[in-house]
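Enquirer:
Number of protein chains: 2
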Amino acid sequence: MPAEWSPQSQVWMLWPERPDNWRYGAKPAQGAFAKVAAAIADHTPVTVGVSADQFENACARLDPRVRVLELSANDAWARDVGPTFVVDGHGGVRGVDWQFNAWGGLAGGLYQPWNRDDQVAEKICRIEGIDRYRSDGFVLEGGAIHVDGEGTVLTTEECLLHSNRNPQLNRAQIEAQLRLYLGAEKILWLPEGIVDDETNGHIDNMACFVAPGQIALAWTDNVDDPQHACCQRAWDYLQAQRDARGRALKVHKIVLPQPLAHTAEEADGIDIARNAWPRRAGARMAASYINFLISNGALIVPAFDDPADQIAANQLADLMPNHQVIQIPCREILLGGGNIHCITQQQPVGRA
Amino acid sequence: MPAEWSPQSQVWMLWPERPDNWRYGAKPAQGAFAKVAAAIADHTPVTVGVSADQFENACARLDPRVRVLELSANDAWARDVGPTFVVDGHGGVRGVDWQFNAWGGLAGGLYQPWNRDDQVAEKICRIEGIDRYRSDGFVLEGGAIHVDGEGTVLTTEECLLHSNRNPQLNRAQIEAQLRLYLGAEKILWLPEGIVDDETNGHIDNMACFVAPGQIALAWTDNVDDPQHACCQRAWDYLQAQRDARGRALKVHKIVLPQPLAHTAEEADGIDIARNAWPRRAGARMAASYINFLISNGALIVPAFDDPADQIAANQLADLMPNHQVIQIPCREILLGGGNIHCITQQQPVGRA
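Chains as they are written, first to last, in our numbering: chain A, 2 to 353; chain B, 2 to 353.
1) Alpha carbons only, please: which of B/A249, B/Q240, B/E193, B/R243 is nearest the one belonging to B/H229?
2) What residues from chain A crowd round B/Q55, counting only those whose CB sits closer than 9 Å?
3) Could you tell me which whole alpha helix (DSSP H) segments of length 4 or greater appear in the stretch 163 to 234 of chain B?
4) So with CB distances below 9 Å, who are the chain B contacts of A/L70?
5) Are three or more beta carbon pairs between the stretch 89 to 96 of chain A and the stretch 111 to 131 of chain A nearer than 8 Å?
6) For the alpha helix (DSSP H) holding A/E158, just list the boundary residues, first then last.
7) Below 8 Å, how does it come out for the stretch 40 to 49 of chain B and the stretch 304 to 317 of chain B: are there three or more Cβ pairs, yes or no?
8) Using 8 Å as the limit for Cβ to Cβ distance, is A/R19 near chain B?
9) Where does the unbroken beta strand (DSSP E) through B/L70 begin, and where does it stop?
10) Looking only at its chain, what residues have a beta carbon closer than 8 Å to the beta carbon of A/D89, apart from the 5 residues adjacent to it on each side?
11) Quick check: the stretch 143 to 158 of chain A against the stretch 210 to 229 of chain A, are there 3 or more CB pairs under 8 Å?
12) Here's a check: name, in chain order, each residue in its chain whose Cβ is nearer than 8 Å to the Cβ of B/E186, leaving out the five neighbours to either side.
13) So which of A/D76, A/G144, A/P8, A/K124 has the shortest CA-CA distance to A/C343?
14) In chain A, what lies closer than 7 Å to B/R117 by C-beta?
15) My guess is that A/I327 and A/I301 are in contact by the Cβ rule of under 8 Å, so how many angstroms apart are they, rounded?
16) For B/G283, count the other beta carbons within 10 Å of its own beta carbon; 16 or more makes it buried, fewer makes it exposed. Which is it?
17) Return yes when the Cβ of A/I329 is within less than 8 Å of the Cβ of A/N292, no when it is not.
18) Taking Cβ to Cβ, would you say A/G50 is nearer than 8 Å to A/L72?
19) For A/Q120, would you say it is in contact with chain E, using Cβ-to-Cβ distances shorter than 8 Å as the test?
20) A/E199 and A/W115: beta carbons closer than 8 Å?
21) Helix, strand or coil for B/A318? Go by DSSP, reduced to three states.
22) Just how far apart, CA to CA, sit A/Y134 and A/Y182?
23) With a cut-off of 8 Å on the beta carbons, I'd call B/I271 and B/D21 a contact; round off their distance for me.
24) Can you name, in chain order, every residue of its own chain whose Cβ lies under 8 Å from the Cβ of B/R281, other than the five neighbours on each side?
25) Ordered along the chain, which non-local residues of its own chain (more than five positions away) have a Cβ less than 6 Å from that of B/E159?
26) Mark A/S289 as exposed unless 16 or more other C-beta atoms lie within 10 angstroms of its C-beta, in which case mark it buried.
27) Let's test the definition: count the other Cβ atoms within 10 Å of the Cβ of A/I255 and tell me whether it reaches 16, buried, or not, exposed.
28) Give me, in chain order, the residues of the same chain whose beta-carbon lies closer than 6 Å to that of A/L189; leave out the 5 immediate sequence neighbours on both sides.
29) In three-state terms, what does DSSP make of B/P3?
30) Does DSSP put B/V350 in a helix, a strand or coil?
31) Check B/F101 in the structure and name its three-state DSSP category.
32) Does the Cβ of A/I204 have 16 or more other Cβ atoms within 10 Å, making it buried, or fewer, making it exposed?
33) Are B/M2 and B/F34 close, meaning C-beta to C-beta below 8 Å?
34) Starting from B/G32 and walking both ways along the alpha helix (DSSP H), at which residues does that stretch end?
35) Hey, how far is the Cα of A/R117 from the Cα of B/A61?
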């Protein structure tokens, strides 16, 4: 699996629609998704999958450079339901089609059914005419892994060892699956992700590689915030580790925004439905600048109308000086449970 | 618009599904469509559009060489709802997205709604990333026209002058639309199509070009069949015409099968629904061998388990000696109201 800073041929997204997760019939979220798509399209071709019902609306709201096609899903998390693209030694691109259970199935998953989500990776591979590896018997979401492109995988125990993903597999067996599908050698296990992350601690909200041997880690100095101890445990773990090439890791702290919660008005704009995760006023959201996308020289980074927005942008710009940092207001995406990295899936360039 | 014998990059089809048009939940029709797709795939890449509900079933039943993607429609007539592909002087391929009203709208159309059908051409063009001309204010189906690739269009008065298509346009205005969108110069107007054709006499069931200046015409010598007079009128008309290049036309008679009608068992296997065309036992079907597809050196020709099957195959082989004739049993497609040409839409090769 190539690192996210490797050349990309396109980025996949899905169109938000379900009114029991996105307030006001998803119109505010659609606006935010459209801004993200347009920002990426300045650097990389974008394809957005959309339900038949939303086709005309999506075509009208999305930047004309975006390719829109019919591709239904149960929600809009291309990172987690799209294929993880891998490249073989000859430059051939293939897709890993992870078994998907809506972040926990019937034991803490976020909605049911998830049958359309679980078809998305296959559909994308068929559209592109690329071969596909289906991981039947091994549940994973794309947001649960990050790679350095040189044999190292970054993940969290909170997610991959959770009893609602692969209870039949132990840590060594899960590592074997990651090595097999991702062509990886070394797995780095942070204890946790961001607190109150409904994905059970996806790595892509907590930490990511910014170069081989270098990791950006979400950080707060506020010792009164339970998030602080999580960050400290991740820091301590990483200081003691080496990557697949034997390098010690350089860890860079990236500021977190102030704790953010659903407002009463925001919560009230969401359909009440038995089979979808409730969004309650006052519930803390898993806001993090780490949930950005790297795409062909650009960093597409969330903004939260928070004093830390500019600090985070500066920190990331310092870490990846050859990249342009673009910030997009993302509260409407965060309200649905994720952010820019969660709603995108990059497809690497194949054979040169 | 290139002639159908020009090189093709792919053929588009749609997957039959609606149980109020295809008997027994469309399973027999799906088998026939799959055979057509496989036969084409021996010569030309095939893409089949399918609803989300039918995705897994279609993938399982179709030849693995077929590209399956989500593309919903109200039924399965790619010829009539897909784009008519045209090529500009520099080899650029574009799609004509004809306004569609389900073969007659609320005045004799075959079902309603037809909103998904009317989106198919746009969706195909977006998938392929090709430009599109939308004919708002001009209703046409792809099966209502044939071309010789050298400036001549073949159509029928019965269809194009029908009051349920473009009542606001006279013959000259309709000719102007065809010239505009197809890059054509001369329009040839057969009086009618096949009798009892629910499309109001589509040309692609009645006559087609097999080469510039040469036309294959459905024919019966049975003077007791009302079809005979229709054939004779077409013959007489064509004898008096010249094509866009000024050539007299050589017309070749292609045998028709015996009159075929829905059996009671066939009619009984179809859902009863208010907004779909009824299929009644004893109703004559518009069976014709002319409804074949030319694709990269192959003729994919309907068979009806009729003594004329072999005669028609031989006649077509004689007319297009550089093409391989492949016959597919097509009664299950005919039961739904069309045949091989109706369920396919060829995309020409563009810039060399």
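We treat Cβ as the ideally placed atom computed from N, Cα and C, and that holds for glycine.
Expert: Taking the definition as stated:
1) Stepping through the second sequence from its first residue, residue 229 of chain B is reached at position 228. Nearest C-alpha to B/H229: B/E193.
2) Residue mapping note: residue 55 of chain B aligns to position 54 of the second sequence, counting from 1. Residues of chain A passing the Cβ test: none, with the nearest at roughly 12 Å.
3) 172 to 183
4) As a first step, residue 70 of chain A is located in the first sequence; it is residue number 69 there, counting from the start. Residues of chain B passing the Cβ test: L70, E71, L72, K124, R127, I128.
5) yes
6) On the first sequence, position 157 is the one that residue 158 of chain A refers to. That run of the alpha helix (DSSP H) goes 158 to 161.
7) Judged by Cβ distances under 8 Å, the stretch 40 to 49 of chain B makes no contact with the stretch 304 to 317 of chain B, as fewer than three pairs qualify.
8) For the purposes of this step, residue 19 of chain A is taken as residue 18 along the first sequence, with counting starting at 1. No, A/R19 lies away from the interface with chain B (no Cβ there is under 8 Å from its Cβ).
9) The residue you call residue 70 of chain B lines up with position 69 of the second sequence. Where B/L70 is concerned, the enclosing beta strand (DSSP E) stretches over 68 to 71.
10) What you label residue 89 of chain A is simply residue 88 of the first sequence in a count that begins at 1. R95, listed in sequence order.
11) yes
12) Indexing the second sequence from 1 puts residue 186 of chain B at position 185. Closer than 8 Å at Cβ, skipping near neighbours: G152, T153, R180, A245.
13) Your numbering for residue 343 of chain A matches position 342 in the first sequence. Of the listed residues, the one whose Cα sits closest to A/C343 is A/G144.
14) Walking along the second sequence from the start, residue 117 of chain B turns up at place 116. Residues of chain A passing the Cβ test: A53.
15) Your numbering for residue 327 of chain A matches position 326 in the first sequence. Your numbering for residue 301 of chain A matches position 300 in the first sequence. Yes, A/I327 and A/I301 are in contact; Cβ-Cβ is about 5 Å, under 8 Å.
16) For this step, residue 283 of chain B is matched to residue 282 along the second sequence. Exposed.
17) If you number the first sequence from 1, residue 292 of chain A lands on position 291. If you number the first sequence from 1, residue 329 of chain A lands on position 328. Not in contact: A/N292 and A/I329 (Cβ atoms no closer than 8 Å).
18) The sequence position of residue 50 of chain A within the first sequence is 49, counting from 1. The sequence position of residue 72 of chain A within the first sequence is 71, counting from 1. Yes, Cβ-Cβ distance for A/G50 and A/L72 is below 8 Å.
19) The structure shown contains no chain E; its protein chains are A and B.
20) On the first sequence, position 198 is the one that residue 199 of chain A refers to. On the first sequence, position 114 is the one that residue 115 of chain A refers to. For the 8 Å CB-CB criterion, A/E199 and A/W115 do not form a contact.
21) As a working mapping, residue 318 of chain B is identified with position 317 in the second sequence. Three-state DSSP puts B/A318 in a helix.
22) Your numbering for residue 134 of chain A matches position 133 in the first sequence. Your numbering for residue 182 of chain A matches position 181 in the first sequence. So the alpha carbons of these two residues sit roughly 8 Å apart.
23) As a first step, residue 271 of chain B must be located in the second sequence, where it is residue number 270. As a first step, residue 21 of chain B must be located in the second sequence, where it is residue number 20. About 6 Å; that satisfies the 8 Å criterion.
24) Numbered from 1 along the second sequence, position 280 holds the residue referred to as residue 281 of chain B. So the qualifying residues of the chain are H263, A268.
25) Taking the second sequence and counting its residues from 1, one reaches residue 159 of chain B at position 158. If you ignore the 5 residues before and after B/E159, its C-beta comes within less than 6 Å of the C-beta of E193, G194, N201, G202, all in its own chain and listed in chain order.
26) If you number the first sequence from 1, residue 289 of chain A lands on position 288. It counts as buried.
27) By one-based count along the first sequence, residue 255 of chain A stands at place 254. A/I255 should be labelled buried.
28) In the first sequence, residue 189 of chain A corresponds to position 188, counting from 1. These residues qualify, in order along the chain: L155, Q242.
29) Reading the second sequence from its first residue, position 2 is the one you call residue 3 of chain B. For B/P3, the three-state secondary structure derived from DSSP is coil.
30) Here residue 350 of chain B is taken as the residue at index 349 of the second sequence, counted from 1. Three-state DSSP puts B/V350 in coil, outside helix and strand.
31) Residue numbering aside, residue 101 of chain B sits at position 100 when the second sequence is read from its first letter. In this structure, DSSP gives B/F101 a state outside helix and strand, which the three-state scheme calls coil.
32) Here the question's residue 204 of chain A lines up with position 203 in the first sequence. With 16 or more other Cβ atoms within 10 Å, it is buried.
33) Indexing the second sequence from 1 puts residue 2 of chain B at position 1. Indexing the second sequence from 1 puts residue 34 of chain B at position 33. No, they are not a contact pair.
34) Locating residue 32 of chain B in the second sequence gives position 31, where the first residue counts as 1. Counting along the chain, the unbroken alpha helix (DSSP H) around B/G32 starts and ends at 28 to 42.
35) Translated into the one-based positions of the first sequence, residue 117 of chain A becomes position 116. Translated into the one-based positions of the second sequence, residue 61 of chain B becomes position 60. Near 17 Å, if we compare the C-alpha coordinates of B/A61 and A/R117.
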